[in-house]
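Reading through the structure tokens given below for one structure.
Residue numbers (the numbering used here): 154 to 585.
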């Protein structure tokens, strides 16, 4: 597993714990090599000197056993004569031996075992087994246990320290996420004089500016919408008056159509600006795909074209119902404008690993392959297959793309085999 797969919290925790464990290991090496090594060496030498003294005293005594008992009481050791060496010596590698003052000593089991001194002629049995009460391994075990406990405490402390160090970043990240989701009024604590408070003050200043800019844009758009739609309302009234005064009905109808087209343009531009600038708060909820498609089809934007539906019952998306309805209206309006009346329309929906796929497919002329990539750009029109006589200003599919992206989804278009255009909208599935 590479380091890039760990979270920042995990990497900091691993770094702190690694530093602490490395420090403990270094302490163990220093304690073992510089402190315990010389100490244990000196104690081993003292033990060898004591064993040599005991052996000489026992050998020279008239009653070796009595003298052994006296030395045991005097020196605080256990002494006994054995005829055979311990079983660990028989059949195994030869134990370490040393010579001290003419006395041969056998270390039976390292620092913990007895020291054996051959008492017979030629270095044979019986053996004087000298058991020292002091365990030379005990200091090493105690220091090792203490360092192990220190390492365990260090691991816990490292995890807690990493959480403490990264807490300001987590708070800032959560705050940024809330701002990105549209909660522009959210702020973080900025009291104090430490680095976290300074970051909080910088973040809050940034949030204040963003909120001010967005609110200013909203006010500007509201003013533009009002200023543009007020004269349009007067123009509609004038058209009604012209109709009542007996003006040519065809000219009045054409005038009303132009007014409606300008009104639609204003609405689409404002909607596009809100989506593009993230000023439009989405009211996400579980939405039934079949019910929403039936609702939009009932508006008749597809005209008299036969519609083939393939949408599973119960299929839902997590979306803003009104914005998704707007995207579907634009797709069906596209079909109504650019395909012959007799051609069928197919609307399918399915659940995939990456979300819910909604596909609107027609059997119209399609678009040139080199125009597919620009089909969702603002004001783009594929002139070769779509003339201005069909209407439209090149904003409908752009709004479809913006709605999809605002929901964390995507949209794509491709020509169908046998003719026609297929637009696929991918949105997050509703939680089950």
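C-beta atoms are modelled at their ideal positions from N, C-alpha and C, and glycine is treated no differently.
Outcome for residue i when other beta-carbon atoms lying within 10 angstroms are tallied against a minimum of 16
i, result
"residue 346", "exposed"
"residue 315", "buried"
"residue 307", "buried"
"residue 530", "exposed"
"residue 366", "exposed"
"residue 540", "Low local confidence applies: a pLDDT of 45 at residue 540 is under 50, so the model's placement there is unreliable, and no value is given."
"residue 398", "exposed"
"residue 241", "For residue 241, the pLDDT reaches just 49, beneath the cut-off of 50, and the residue's location in the model is therefore unreliable, leaving the point undetermined."
"residue 449", "buried"
"residue 211", "buried"
"residue 305", "exposed"
Alpha-carbon spacing of residue i relative to residue j, whole angstroms
i, j, result
"residue 464", "residue 552", "23 Å"
"residue 569", "residue 319", "52 Å"
"residue 435", "residue 516", "33 Å"
"residue 215", "residue 235", "19 Å"
"residue 379", "residue 168", "59 Å"
"residue 343", "residue 359", "13 Å"
"residue 195", "residue 220", "27 Å"
"residue 460", "residue 504", "21 Å"
"residue 197", "residue 204", "10 Å"
"residue 576", "residue 417", "22 Å"
"residue 256", "residue 312", "57 Å"
"residue 269", "residue 226", "19 Å"
"residue 533", "residue 472", "27 Å"
"residue 400", "residue 520", "41 Å"
"residue 218", "residue 284", "15 Å"
"residue 173", "residue 260", "38 Å"
"residue 538", "residue 331", "Only weak support is given to the placement of residue 538: the predicted model assigns it a pLDDT of 44, under 50, and the question is left unresolved by the model."
"residue 482", "residue 402", "29 Å"
"residue 171", "residue 322", "22 Å"
"residue 201", "residue 273", "19 Å"
Residue j beta carbon less than 7 Å from that of residue i
i, j, result
"residue 455", "residue 405", "no"
"residue 392", "residue 409", "yes"
"residue 356", "residue 376", "no"
"residue 282", "residue 267", "yes"
"residue 419", "residue 389", "no"
"residue 177", "residue 298", "no"
"residue 479", "residue 440", "no"
"residue 328", "residue 309", "no"
"residue 528", "residue 566", "yes"
Given residue i as reference, the closest of the options once Cα atoms are compared
i, options, result
"residue 468", "452, 461, 457, 442", "442"
"residue 574", "174, 480, 487", "487"
"residue 500", "444, 259, 199", "444"
"residue 510", "303, 269, 563, 533", "563"
"residue 206", "252, 176, 191", "252"
"residue 579", "572, 567, 571, 561", "561"
"residue 484", "217, 525, 554", "554"
"residue 296", "351, 396, 180, 164", "180"
"residue 506", "305, 581, 173", "581"
"residue 491", "518, 508, 470, 466", "518"
Any C-beta of chain D under 7 Å from that of residue i
i, result
"residue 314", "Protein chains in the displayed structure number just one, and chain D is not present."
Practice task
Enumerate, from N- to C-terminal direction, the unbroken beta strand (DSSP E) stretches of 3 or more residues contained entirely within the region 437 to 470.
Solution key: 437 to 441, 460 to 463
Problem - Inside the region 481 to 558 only - beta strand (DSSP E) runs reaching at least 3 residues - result: 498 to 505, 508 to 515
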